[in-house]
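Student: This structure is in structure tokens; I'll ask about it shortly.
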Amino acid sequence: MGTTGTPTSTPAPKTNRIGLQVIDYRGGKTTLCAGCGHNAISERIIDAMYEMGVKPERVAKFSGIGCSSKSPAYFMNRSHSFNSVHGRMPSVATGAMLANRDLLALGVTGDGDTVSIGVGQFVHLMRRNLPIIYIIEDNGCYGLTKGQFSATADIGSTLKSGIANDLPPVDTCAMAIQLGATFVGRSFSGDKKQLHTMLKAAIAHNGTVMLDVVSPCVTFNDHEGSTKSYKYMQAHEEPLNEVSFVPAFEEINVDYDPGTTFEVTMHDGSSLRLRKLEEEYDPTDRVKAVQRLMESHAKGEVLTGVFYINSKAPSFIDMLNVTDRPLATLPESVVRPSREALEKCMEELR
Amino acid sequence: MATTDVVPQESSGRLGQQRVVNDMSIQVATVNGSGSQSSNTVLLRSIFQMGVPISGKNLFPSNIAGLPTWFTIRANKDGYIARKKEIDLLIAMNPETAQEDVKTLAPGASVLYDEPLGLDKLRNDLIFYSVPYDKLVAVVCQEAKLRKLIKNMIYVGVAAQLLEIDFAEVERAIRKQFATKAKAANLNLAAAKAGHDYAAANLKKRDPFYIERTDKTRGMIIIDGNSAAAMGCMFAGCTVVTWYPITPSSSLVETMMEYMKEYRVGPDGKATFAIVQAEDELAAIGMVLGAGWAGARAMTATAGPGISLMSEFSGLAYYVEVPAVIWDIQRVGPSTGLPTRTSQGDVLSTAFLSHGDTRHIMLFPDSVSECFTMAQEAFDLAEKFQTPVFVMSDLDLGMNNWMSDPFPYPEKPIERGKVLTKEDLERLGSFARYKDVDGDGIGYRTLPGTDHPAAAYFARGSGHNDKGQYSERNMERINKKFETARSFVPGPELAGTGEANIGILAYGTSHWAIIEARDQLAKEYRVETDYLRVRAYPFTREVHDFIAHHERIYIVEQNRDGQMASLLKLDIKAELTPRLRSICHIHGLPLDARSITDELVMMEGK
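Now the structure itself:
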């Protein structure tokens, strides 16, 4: 962290590298249930943005419909936010990034918003590798409509009423990897350190970051028999790697053993280090990543960590070869061709 | 759907009649995918280059290759370019439809046909010209596989000779058509020449139709409405285009890509635009909203089925107040309907597109020129009123070739509406996104990325107060904005003295049939009419005045249920509604004058 204040008798408020306090990253008071995993994720977002020294005005928040999609109102009030329609946040975020490539897009969605109604837009967002941090606050149910199953509910997981889910869950991480996302991982709203670190690395990435964050619904899906409860997660979370992150603006050299740690240099020069908890795992191998995720389902474990990363792939904005200046800010002299251009067009049609 | 309306035909040509100059309708019947489009364009252009006003309309099935397709060319010295039902010269190239095509002709019409079809045996009240196409094409073209494509250019030469079109104009049109392909140009020219020579040596002119050089198209251009719209959007400063392919709108964006690549790439080789093919219409409009919210001039183009899919997002755009431009190139519906046939069938559903109380601004271009000029008006209105604007074109306008005066360079600066900058915020200290500061219902917005701590607001589709916070009121102010729009949308165009008892009210491409029908009514029935061409919704004051000042108002439109009439009835005083009478056509073919004249005369009891 880049705090550079000199010690005085009255300590100055703690600020980050751009001189902002953590309060500058806060939002409105949450209206979600006490203990909701989503609130913890909002806190991690605030911390990560603060520590990375991201200017809040540069961030644009996007969401769809659901409990998770309400949460952008509860963090980063100084960032513009667009709470759109159910399942279609990816297209809105895509349009905004086309208009202004300088924005840092942060999408917050839920398992219902993404995996059921929004699965079509999710697929194409992943394919495009749009620069966006896409967080699924995954609780396996529809909280806002009182606890119906979502498409990430595991087979056999039960509702409060005791009804068990018969259909297989969609693994959003496996899907994202297969479809082309370039930074894919899973975390747990209760795993403060891991989620925090993954979010900081996400900020440094140029491309689609897809994070599935298991986030228990305390009201409708935190009971015995649910596989998305705090208790179940505490018992079944299985980290694939230990994630640490050194931002580009910190000149910290920590020795690490390449035999036990996998280092990825991010787009902005930051360094993502993944200490191997499984010797053979290579987070740049898409095929193995999907295979490992499939194995985790068979074993009944909830695998977390960074599953796949490719920090070299061009983002969608790179591929479009658009001008460096945001399209939204181009003046008339640039976006309206000349009188001569119109005359040439007319001449060709005569 | 049949290409010719099932009505008794009356030809303007008669056996033994005097010369009919620069007034005829030619129909070319071919097979889809046979390369006939180039031939038809060349024939059309040749007449246009002779100085004669023309229109060309492709009447085609929803099919890539193999089904019948018809192309009608109307040449008219008086400038009537609406479709004409009567056919004076049939060029019968399609064996599948030739017999039926010949049977529907009026006595006295001419038929140019492929010799082996033996069509001259079908009727004895027509003028037949036979041409041995296969023999002629074999001489011109050595490569057998190219012959199918070249064969159609032969009829251009034959027709040019029969109608006395200067062959130099045919050559010029061919050179233009194949400007980048010299070999193809030469081959096609040889084919046209072979047809011309054959006709000169073997066909005896028996029909009365002639094209004579005149000067009524000097300086004019030929373009289709979709290309004109694309060009208009480019000059309007559009920066983001997101779309999903759908007939008949696809060519709008495809042409725009061509224009933008040529005129909107900077010296650094980087684009000043982004064009993205979305995964569906929902995503296409979603991207437009995201881009419009973030400050781009963003648009999409679609047709009826796409409009249906855009319904939810259109409501969001209306309520969150995001500018968006949506081109609807209307085709016949409902459902998949008739994708290659024209209509004005989306007017009512688009006016109120989405659930709850929504209303949208619509513009109705009648011409390629208005496709160009309304493009900027659409973007300006969208940004001024921070709302979606729908430009209601149709297949006839979008996909057919129209002649036009050259488009005027946009003199009006681009209007970006009420957007607060960092400097504004420094001066004001704060702002409330949805506050009606100026009393016109339009709030001030900020764009994401504005570098000021007070710039941000929370855009939401849920109820919100002035500051964008959750609340359960705000509907009245948005309606006020819509009322304000009445004074800013393009006003209608009035034709006539304004003193007639009968008013005709129409919009879009119906215009061309109406100007001709009004002349027919005046000349043939001594029925004087005033005519108001509506160019936008919400209706301006002039529209109300027009209805108030006429005893009977005939609303002509290309849909089944009188959608514009319904919209008007919601807007005007209840006691005026009995004055409105609907003349509706929903046959999928471009509207013709005679149909309107006949129906209006019947309704007038004449």
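First to last, the sequence lines map onto chains A and B. Residue numbers for the first sequence follow the numbering used here, beginning at -18 and rising by one. Residue numbers for the second sequence follow the numbering used here, beginning at 2 and rising by one. No residue lacks a Cβ here, since even glycine has one placed at the ideal position from N, Cα and C. No experiment lies behind these values; they were computed from the predicted model shown.
Which runs of the beta strand (DSSP E), 3 residues or longer, sit entirely within the stretch 494 to 580 of chain B?
Tutor: 494 to 496, 503 to 508, 530 to 535 and 553 to 558
Student: Can you list the residues of chain A that P407(B) reaches, using a CB-CB cut of under 7 angstroms?
Tutor: Neighbours of P407(B) on chain A, chain order: M327.
Student: Check whether chain B comes within 8 angstroms of T304(A), counting only Cβ atoms and requiring the distance to be less than that.
Tutor: yes
Student: Could you tell me which of T341(B), D329(B), I515(B) and D367(B) sits nearest to S350(B), measuring between CA atoms?
Tutor: For S350(B), the nearest C-alpha among the options comes from D329(B).
Student: So, under 8 angstroms CB-CB, S131(A) and S97(A) are touching, yes? Tell me the CB distance rounded to an integer number of Å.
Tutor: 6 angstroms
Student: Could you check whether the Cβ of L398(B) sits closer than 7 angstroms to any heavy atom belonging to the ligand PLP?
Tutor: Ligands displayed in this structure: none; no statement on the ligand PLP is therefore possible.
Student: When the distance is taken between beta carbons, is K209(A) closer than 8 angstroms to G121(A)?
Tutor: yes
Student: At 9 angstroms on the CB atoms, spell out the chain B contacts of T75(A), in chain order.
Tutor: T243, V277, A279, A284, G287, M288, G291 and A292
Student: Which class does S225(A) belong to by DSSP, given the choice of helix, strand or coil?
Tutor: strand
Student: Measure how close the beta-carbons of C154(A) and G91(A) come, nearest whole angstrom, since I'm counting them as under 8 angstroms.
Tutor: About 15 angstroms separates the beta carbon of C154(A) from that of G91(A), a gap too long to meet the 8 angstroms contact definition.
Student: Along the chain, where does the beta strand (DSSP E) containing M300(B) start, and where does it finish?
Tutor: A299 to T303
Student: Using the Cα positions of R25(A) and P197(A), report the straight-line distance between them to the nearest angstrom.
Tutor: Taking the straight line joining both Cα atoms gives about 15 angstroms.
Student: With a threshold of 8 angstroms between beta carbons, is T343(B) in contact with chain A?
Tutor: It does not; no Cβ of chain A falls within 8 angstroms.
Student: Between N64(A), Y6(A) and H19(A), which lies nearest to V323(B) when the distance is taken from Cα to Cα?
Tutor: N64(A)
Student: Under 8 angstroms between the Cβ atoms of D347(B) and I308(B)?
Tutor: yes
Student: Any C-beta of chain B within less than 8 angstroms: which residues of the stretch 92 to 124 of chain A qualify?
Tutor: For the stretch 92 to 124 of chain A, the beta-carbon criterion of a distance under 8 angstroms to any beta-carbon of chain B is satisfied by G101, Q102, V104 and H105.
Student: Could you check where the alpha helix (DSSP H) with F373(B) kicks off and where it finishes?
Tutor: V369 to F386
Student: Check the C-beta distance from T273(B) over to L221(A) and give it rounded, since I have them as a contact under 8 angstroms.
Tutor: Not quite, the Cβ-Cβ distance comes to about 44 angstroms (not below 8 angstroms), so this is no contact.
Student: Taking the straight line between their C-alpha atoms, what separation do you get for P150(A) and L192(A)?
Tutor: 17 angstroms
Student: Cutting at 7 angstroms between CB atoms, please list the residues of its own chain near G589(B), excluding the five before and the five after it.
Tutor: By the criterion of a C-beta distance shorter than 7 angstroms, G589(B) is surrounded in its chain by M2, V333, L339, R342, T343 and S344, once the five residues flanking it on both sides are discounted.
Student: So, at 7 angstroms on beta carbons, what are the nonlocal neighbours of I175(B) in its own chain, with the 5 sequence-adjacent residues on each side left out?
Tutor: For I175(B), where only same-chain residues beyond five positions count, the Cβ hits under 7 angstroms are V43, A186, N189, L190 and A193.
Student: With H, G and I counted as helix, E and B as strand and the rest as coil, what does DSSP make of K205(B)?
Tutor: coil
Student: Could you tell me whether any Cβ in chain B is nearer than 8 angstroms to the Cβ of P307(A)?
Tutor: yes
Student: Can you name the residues of chain E whose CB is closer than 7 angstroms to the CB of E313(B)?
Tutor: Here the protein chains are A and B, and chain E is not one of them.
Student: Measure the beta-carbon distance from E543(B) to P491(B) and round it to whole angstroms, keeping in mind my assumption that it falls under 8 angstroms.
Tutor: That belief does not hold up - the Cβ atoms of E543(B) and P491(B) are roughly 11 angstroms apart, past 8 angstroms.
Student: Given this structure, state the Cα-to-Cα distance separating M33(A) from P228(A), to the nearest angstrom.
Tutor: 7 angstroms
Student: Look at the alpha carbon of R167(A) and the alpha carbon of A294(A), and state the distance between them as a whole number of angstroms.
Tutor: 21 angstroms
Student: Would you call G240(A) buried or exposed, if buried means 16 or more other Cβ atoms sit within 10 Å of its Cβ?
Tutor: exposed
Student: Sort M363(B), D89(B), S370(B) and S368(B) by Cα distance to A379(B) and report the nearest one.
Tutor: M363(B)
Student: Could you tell me the alpha carbon to alpha carbon distance between R331(A) and M232(B), rounded to whole angstroms?
Tutor: 15 angstroms
Student: Please state whether DSSP places H204(A) in a helix, a strand or coil.
Tutor: coil
Student: Give a yes or no on whether the C-beta atoms belonging to Q100(B) and L123(B) are separated by under 8 angstroms.
Tutor: yes
Student: Once DSSP output is grouped into helix, strand and coil, what is the label at S250(B)?
Tutor: Here S250(B) sits in coil by DSSP.
Student: Out of curiosity, what's the CA-to-CA distance linking M214(A) and S138(A)?
Tutor: 13 angstroms
Student: Going by DSSP, which residues form a beta bridge with C234(B)?
Tutor: DSSP lists no partner for C234(B).
Student: Residues of chain A with CB under 7 angstroms from G238(B), in chain order?
Tutor: E313, V316 and R317
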